[in-house]
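Trainee:
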Amino acid sequence: MSGMSKIVKTISGIAFPFITIYGLYIIAHGHLTPGGGFQGGAIVASGCAMILVSYGSIWTMNRVREKNLSILESLGAVCFILLALLGLGFGTVFFNNFLVGTNSLFGVVPAVGSGLANINTGGVIPLMNFAVGLKVIVGLFGIVLVMAYASRTKEGKK
Amino acid sequence: MILEGIHIILPILIVVAAAFAVLMKDLIAAAIAVAAMSLLLSLEFYILQAPDVAIAEAGVGACLTTAILVIAIKATKRMEEDA
Amino acid sequence: MSRRDITAVLSFSIVAIFFIFGALMIHPFGAPDETGMDDNIITNAQTETGANNAVTSVVFDYRGLDTLGETTILFTAVAAIIMIFRRLNK
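First to last, the sequence lines map onto chains A, B and C.
For the first sequence, the numbering used here assigns the number 355 to the initial residue and increments by one for each residue that follows.
For the second sequence, the numbering used here assigns the number 58 to the initial residue and increments by one for each residue that follows.
For the third sequence, the numbering used here assigns the number 59 to the initial residue and increments by one for each residue that follows.
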């Protein structure tokens, strides 16, 4: 797929930072507001797919290497499983929330009931959100990028 | 009262959009109909008080699926042939 | 009507009857039959996991193994697609 017209490129370039910020906000506030790693990652991947469709797959493939995407996705998965295993090591069982109640990083226990939200709560849940978010962003964008690049080669052969 | 009216109207619109997606000969229009169906479905999820599912449906169903379908249609043919 | 049409109409009506019975037997909106586990999670989620969002605390803490399975599914799908299309891209 080659790129689209200049209007589409400009508008998607303007909209892309806002979509990315919104998706990262949903990932970072996963333990406070609706959403989480998967939802925010899907939104950021949607923004990246918009850039891909408007600028063309060759332009994007020259800037983002597919190998790096694979490495980042594996990094997200390894971080997720490592956090679960740390629950086994520091706590009691697999997926134990060992950080809650320690008053250190993300370890504050919030007051019961609805009140002002504190972002420094949640134990390992925000860290798992970051890991899953990285994995979903890179995985979904990698799928779309690889498929678009494959369709480009077919067009070139024609 | 208004909420119940929306509860009746939204599933009908979802079915109409799905029927459009099946019946369209132009495959790009069918892909857009699928996207509209996903968007209406995410609105229905939001009304049913499941904002998590609504965000996931809007992101994956309405945007990424459409992008993949458009890329696939661009690599093949745009119009559906008569069987 | 051919035999195939009759078979199609019969199977469609049987499935429709099952769906209609299911829709009639559904409990009213927002009132599930068993509420023991819901109430337990709603009252204890904030103090046990420290997250204000009860849905996220269920997804990443109480039912963490489900999320691990979902992550595995996504990882396998992405790996398979990249494997197929990498060969096609060369």
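Positions of the beta carbon are idealized from the N, C-alpha and C atoms, including for glycine.
Remember, predicted model here, so these are calculated numbers, not experimental data.
Mapping DSSP to helix, strand and coil, what is C/Met83?
Mentor: Within the third sequence, the letter at position 25 stands for residue 83 of chain C. It is coil, neither helix nor strand.
Trainee: At 4 residues or longer, and completely inside the region 369-447 of chain A: list those alpha helix (DSSP H) runs for me, N to C.
Mentor: Qualifying alpha helix (DSSP H) stretches, in chain order: 391-409, 411-417 and 420-444.
Trainee: Quick one: measure Cβ to Cβ for A/Val478 and A/Asn451, integer angstroms, because I've assumed they're closer than 8 Å.
Mentor: Position 124 of the first sequence holds residue 478 of chain A. Position 97 of the first sequence holds residue 451 of chain A. A/Val478 to A/Asn451, Cβ: 6 Å. Contact.
Trainee: Should C/Val113 be flagged as near chain B, meaning a C-beta pair shorter than 8 Å?
Mentor: Numbered from its first residue, the third sequence carries residue 113 of chain C at position 55. Closer than 8 Å: yes.
Trainee: When you check each C-beta in the region 493-504 of chain A against every C-beta of chain B, which residues fall closer than 7 Å?
Mentor: Listed by position, the residues of the region 493-504 of chain A near chain B (Cβ gap below 7 Å) are Leu494, Val498, Met501 and Ala502.
Trainee: Does the Cβ-Cβ distance between A/Pro388 and B/Asp109 come in under 8 Å?
Mentor: Here residue 388 of chain A corresponds to residue number 34 of the first sequence, with the count starting at 1. Here residue 109 of chain B corresponds to residue number 52 of the second sequence, with the count starting at 1. Closer than 8 Å, so yes.
Trainee: Touching or not, the region 433-453 of chain A and the region 75-92 of chain C, by the rule of three or more beta carbon pairs under 8 Å?
Mentor: They do not touch, by the three-pair rule.
Trainee: Pull up the CB-CB distance for A/Ala403 and A/Val498, whole angstroms please, since I reckon it's below 8 Å.
Mentor: For the purposes of this step, residue 403 of chain A is identified with residue 49 of the first sequence, where counting begins at 1. For the purposes of this step, residue 498 of chain A is identified with residue 144 of the first sequence, where counting begins at 1. The Cβ separation is near 5 Å, so the contact holds.
Trainee: If you follow the alpha helix (DSSP H) that B/Glu102 is in, where does it begin and where does it stop?
Mentor: Locating residue 102 of chain B in the second sequence gives position 45, where the first residue counts as 1. Sequence check: residue 102 of chain B is Phe here, not Glu. Where B/Phe102 is concerned, the enclosing alpha helix (DSSP H) stretches over Leu84 to Ile104.
Trainee: So B/Leu100 and B/Leu67 are supposed to be a Cβ contact under 8 Å. How far apart are they, rounded?
Mentor: In the second sequence, counting from the first residue as 1, residue 100 of chain B sits at position 43. In the second sequence, counting from the first residue as 1, residue 67 of chain B sits at position 10. About 6 Å separates the two Cβ atoms, so the contact holds.
Trainee: Closest to A/Leu481 by CA distance: which of C/Phe118, C/Thr134, C/Phe143 and C/Asn98 is it?
Mentor: Start at 1 with the first residue of the first sequence, and residue 481 of chain A comes out as number 127. Taking only the C-alpha atoms, the option nearest A/Leu481 is C/Phe118.
Trainee: Output yes if chain A places a C-beta closer than 8 Å to the C-beta of C/Asn110; else output no.
Mentor: As a working mapping, residue 110 of chain C is identified with position 52 in the third sequence. Answer yes: the Cβ-Cβ gap between C/Asn110 and chain A drops below 8 Å somewhere.
Trainee: Output needed for A/Met358: all residues of its chain with C-beta closer than 7 Å, excluding positions within five of it in sequence on either side, in chain order.
Mentor: In the first sequence, residue 358 of chain A corresponds to position 4, counting from 1. Answer for A/Met358: Ser408, listed in chain order.
Trainee: At a Cβ cut of 9 Å, what residues of the region 451-468 of chain A count as close to chain C, listed as they run along the chain?
Mentor: Answer in chain order: Asn451, Leu453, Val454, Gly455, Phe460, Gly461, Val462, Val463, Pro464, Ala465, Val466, Gly467 and Ser468.
Trainee: Measure the Cβ-Cβ separation of A/Gly493 and C/Val67 and say whether it is below 8 Å.
Mentor: Residue numbering aside, residue 493 of chain A sits at position 139 when the first sequence is read from its first letter. Residue numbering aside, residue 67 of chain C sits at position 9 when the third sequence is read from its first letter. Cβ distance not < 8 Å, so A/Gly493 and C/Val67 don't count as in contact.
Trainee: At the 8 Å Cβ level, is B/Asp139 part of the contact set with chain C, yes or no?
Mentor: Position 82 of the second sequence, counting from 1, holds the residue named residue 139 of chain B. Output row for B/Asp139: interface = no.
Trainee: Does DSSP classify A/Val462 as helix, strand or coil?
Mentor: Residue 462 of chain A sits at position 108 when you count from the first residue of the first sequence. Of the three classes helix, strand and coil, the one that applies to A/Val462 here is strand, per DSSP.
Trainee: What did DSSP end up calling A/Met501 once you bin it into helix, strand or coil?
Mentor: Within the first sequence, numbered from 1, the residue matching residue 501 of chain A stands at position 147. Residue state, collapsed to three classes: helix.
Trainee: Would you say C/Ile15 and C/Val116 are within 8 Å of each other, going by their C-beta atoms?
Mentor: Residue 15 of chain C falls outside the range modelled here, since chain C spans only 59 to 148, and no answer is possible.
Trainee: Along chain C, in chain order, which residues have C-beta atoms closer than 9 Å to that of A/Leu442?
Mentor: Counting from 1 along the first sequence, the entry for residue 442 of chain A is found at position 88. Within 9 Å Cβ-Cβ: nothing; A/Leu442 doesn't reach chain C, min ~11 Å.
Trainee: To the nearest angstrom, how far is the alpha carbon of B/Gly62 from that of B/Val73?
Mentor: Along the second sequence, one-based indexing puts residue 62 of chain B at 5. Along the second sequence, one-based indexing puts residue 73 of chain B at 16. Straight-line Cα distance between these residues: approximately 17 Å.
Trainee: When you check each C-beta in the region 405-431 of chain A against every C-beta of chain B, which residues fall closer than 7 Å?
Mentor: Hits within the stretch, in order: Val407.
Trainee: By a C-beta neighbour count over all protein chains shown, 10 Å radius and 16 as the cutoff for buried, is A/Ile373 buried or exposed?
Mentor: Your numbering for residue 373 of chain A matches position 19 in the first sequence. The residue in question, A/Ile373, is buried, as its Cβ has 16 or more Cβ neighbours within 10 Å.
Trainee: So is A/Leu488 in contact with chain C if we call contact Cβ pairs under 8 Å?
Mentor: For this step, residue 488 of chain A is matched to residue 134 along the first sequence. Cβ-Cβ to chain C under 8 Å: no for A/Leu488.
Trainee: Is A/Val454 near C/Thr107, with beta carbons less than 8 Å apart?
Mentor: In the first sequence, the residue the question calls residue 454 of chain A occupies position 100. In the third sequence, the residue the question calls residue 107 of chain C occupies position 49. Against a cut-off of 8 Å, the Cβ pair of C/Thr107 and A/Val454 comes out as a contact.
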